[in-house]
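Below is one structure, written out as structure tokens; comments come after it.
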Amino acid sequence: MAELSFCNLTKRFDGAVALDAISAEIEAGEFVALLGPSGCGKTTLLRLTAGFDQPSAGEVRIGGDLVAGPGRFVPPEAREVGIVFQSYALWPHKSVAGNVSYPLEVRRVPRAEREARVAEALALTGLTDFAARMPAQLSGGQRQRVALARCLVFEPRAVLLDEPLANLDLALRASMQEVFSMFHRRTSATMLYVTHDQGEALALADRVAVMEAGRIRQFAAPEVLYREPADSFVAGFVGDGAVVSARLTGRAERDGLWLDVLGQEVLSRSATKAPTHVSIRPEAITLRDEAPLRARVSSCTYLGGRYRLALDAAGESLVAFSAQRAAPGETLGIELRDLWAFRDAGAQPVQAPALTDA
Ligand SMILES: Nc1ncnc2c1ncn2[C@@H]1O[C@H](COP(=O)(O)OP(=O)(O)OP(=O)(O)O)[C@@H](O)[C@H]1O
Numbered sequence: 001m002a003e004l005s006f007c008n009l010t011k012r013f014d015g016a017v018a019l020d021a022i023s024a025e026i027e028a029g030e031f032v033a034l035l036g037p038s039g040c041g042k043t044t045l046l047r048l049t050a051g052f053d054q055p056s057a058g059e060v061r062i063g064g065d066l067v068a069g070p071g072r073f074v075p076p077e078a079r080e081v082g083i084v085f086q087s088y089a090l091w092p093h094k095s096v097a098g099n100v101s102y103p104l105e106v107r108r109v110p111r112a113e114r115e116a117r118v119a120e121a122l123a124l125t126g127l128t129d130f131a132a133r134m135p136a137q138l139s140g141g142q143r144q145r146v147a148l149a150r151c152l153v154f155e156p157r158a159v160l161l162d163e164p165l166a167n168l169d170l171a172l173r174a175s176m177q178e179v180f181s182m183f184h185r186r187t188s189a190t191m192l193y194v195t196h197d198q199g200e201a202l203a204l205a206d207r208v209a210v211m212e213a214g215r216i217r218q219f220a221a222p223e224v225l226y227r228e229p230a231d232s233f234v235a236g237f238v239g240d241g242a243v244v245s246a247r248l249t250g251r252a253e254r255d256g257l258w259l260d261v262l263g264q265e266v267l268s269r270s271a272t273k274a275p276t277h278v279s280i281r282p283e284a285i286t287l288r289d290e291a292p293l294r295a296r297v298s299s300c301t302y303l304g305g306r307y308r309l310a311l312d313a314a315g316e317s318l319v320a321f322s323a324q325r326a327a328p329g330e331t332l333g334i335e336l337r338d339l340w341a342f343r344d345a346g347a348q349p350v351q352a353p354a355l356t357d358a
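Here is the structure:
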């Protein structure tokens, strides 16, 4: 049974739709990221799950129990979910151990058990040596670990995290990502993690829900989002690369469709027989001097170990990787392979005229 489930979940603020009939299921122990641009409804979905807001329509279930829906609303304190905010929200006058112990005191857990569980939670988050410190004496990363320890100590059914790393610098974000991963592996907690940072979502989550304008555009494993984006929005928002229009040549094979892409006939993977666009990831472009498709280098950036080339080819902007530096203005030959084709809502598939051997 799904641990968290949303059915036609809708939230309107003064008539404006923030969440538009979302349905999704999250399995016990899954780490799910909600990814999307500012204002797409990520925090609203988290707040409805926590019980800080009531839905305008639809249902939220936790562990199969209806916690919000027609005629029913379970308040946040009775939902048994842990929440980690960007702002840490620690008690400033309690020590680290005091903060972590608090949820157990509220639940009237006996002292000996409380002390054992606090020690365990501090050990799991690497805070044992900081037990007696006050929050003001900690770094941002350490404070966030206290917030995590405080939420795992009462063994919640699910942990909700709202941009927990947004206040930390880049190096600390990377090391805290490892703390979250380790925490998830060791506790098998169900986690719902809000971020607008695609790197964070792809690195941490088992599955990512890509949201836009109150809807989920695609809910899939990171590798699937990258290799098989459902539409132009997902292809553009997740990972590097380009989206260009494609035309059917009418030829199909067991492992794909032949499409006219930038004037070349390219075998493409697809889930639909009538695609309108292709996603061209940098790995799908091979540089080859004698290739007939010509591309002009518009910029070259060193990434460490390889170069990222921004290219113009047949009026489209592409991205390729190269082992060698290239000069802006230089012309290169490129080959396309292993493209992913999809149909964009509203776009009509087009049949290409027969390609001639140029
Ligand atoms: N209390 C509120 N009153 C009115 N409108 C609200 C309220 N809370 C959110 N909204 C609106 O609902 C929409 C979704 O907001 P939400 O905070 O869920 O987005 P988000 O994806 O979390 O964005 P961000 O990444 O900027 O935090 C936005 O248009 C926002 O302005």
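Position 150 (the sequence shown) corresponds to 150 in UniProt numbering; numbering is contiguous.
Beta carbons: idealized from backbone N, C-alpha and C, even for Gly.
#### Entry: Endpoints, the alpha helix (DSSP H) within which K42 is located
42 to 50
### Message
I'd like to confirm the pairing. Which residues does DSSP put opposite K11 in its beta bridges?
### Response
L19
### Query
Can the beta-carbon of R143 be found less than 8 Å from the beta-carbon of L90?
yes
### Query
Who are the Cβ neighbours of residue 362 in its own chain at under 7 Å, not counting the five residues just before and after it?
The requested residue 362 is not part of the displayed model; the chain covers only 1 to 358.
### Message
Let me confirm a value: D65 is counted as buried when at least 16 other C-beta atoms fall within 10 Å, else exposed. Which label applies?
### Response
exposed
### Query
Between V74 and the rest of its own chain, which residues show a CB-CB distance below 6 Å, the 5 nearest in sequence each way excluded?
V67
### Task
Taking H184 as part of the beta strand (DSSP E), name the residues at either end of that continuous run.
No beta strand (DSSP E) contains H184, which is instead part of the alpha helix (DSSP H) from 170 to 187.
### Query
CB-CB under 7 Å to P55, same chain, minus the five flanking residues each way: which ones, in chain order?
L9, T10, K11, L48, A68
### Query
Do you know how far the Cα of P229 is from the Cα of P275?
12 Å
### Task
Decide if M182 is buried, meaning its Cβ has at least 16 other Cβ atoms within 10 Å, or exposed.
exposed
### Query
In three-state DSSP terms, what is D312?
strand
### Query
Taking C-beta to C-beta, are E3 and I22 nearer than 8 Å?
no
### Query
What are the start and end residues of the alpha helix (DSSP H) that includes R114?
111 to 124
### Task
Measure the beta-carbon distance from residue 363 to L225 and round it to whole angstroms, keeping in mind my assumption that it falls under 8 Å.
No answer is possible for residue 363: the residues shown for the chain start at 1 and end at 358.
### Query
Quick one, are the C-beta atoms of F130 and V96 less than 8 Å apart?
yes
### Query
Got a sec? Which residues, its chain only, sit under 6 Å from G214 by beta carbon, not counting five neighbours each side?
V17, A18, L19, D20, G41
### Run of the alpha helix (DSSP H) containing L148, from where it starts to where it stops
140 to 152
#### Entry: Nearest to Y307 (by Cα), restricted to the options P282, E265, T331, V179
P282
### CA-to-CA distance, A78 to V159, given in whole angstroms
14 Å
### E223 - DSSP class collapsed to helix/strand/coil
helix
### Message
Could you check whether P164 and V81 sit closer than 8 Å to each other, using their CB atoms as the reference points?
### Response
no
### For D206 and E30, believed in contact at Cβ under 8 Å, the rounded distance
5 Å
### Message
Any heavy atom of ligand 1 closer than 7 Å to the beta-carbon of P49?
### Response
According to the sequence provided, residue 49 is Thr. The question's Pro does not apply to it. No, Cβ of T49 sits at least 7 Å from all heavy atoms of ligand 1.
### Beta-carbon separation (whole angstroms), S245 vs G256, contact threshold 8 Å
Contact flag wrong, Cβ pair sits at about 17 Å.
### Query
Which residues bound the alpha helix (DSSP H) around S38?
From DSSP, S38 is part of no alpha helix (DSSP H); its letter is neither H nor E.
#### Entry: Own chain, CB closer than 6 Å to residue 381, minus 5 neighbours either side, in chain order
In this structure the chain extends from 1 to 358, so residue 381 is not present and cannot be described.
### Message
Here's the rule I'm using: 16 or more other beta-carbon atoms within 10 Å means buried, otherwise exposed. How should R111 be labelled?
### Response
exposed
### Query
With which residues is L318 paired in a DSSP beta bridge?
L311
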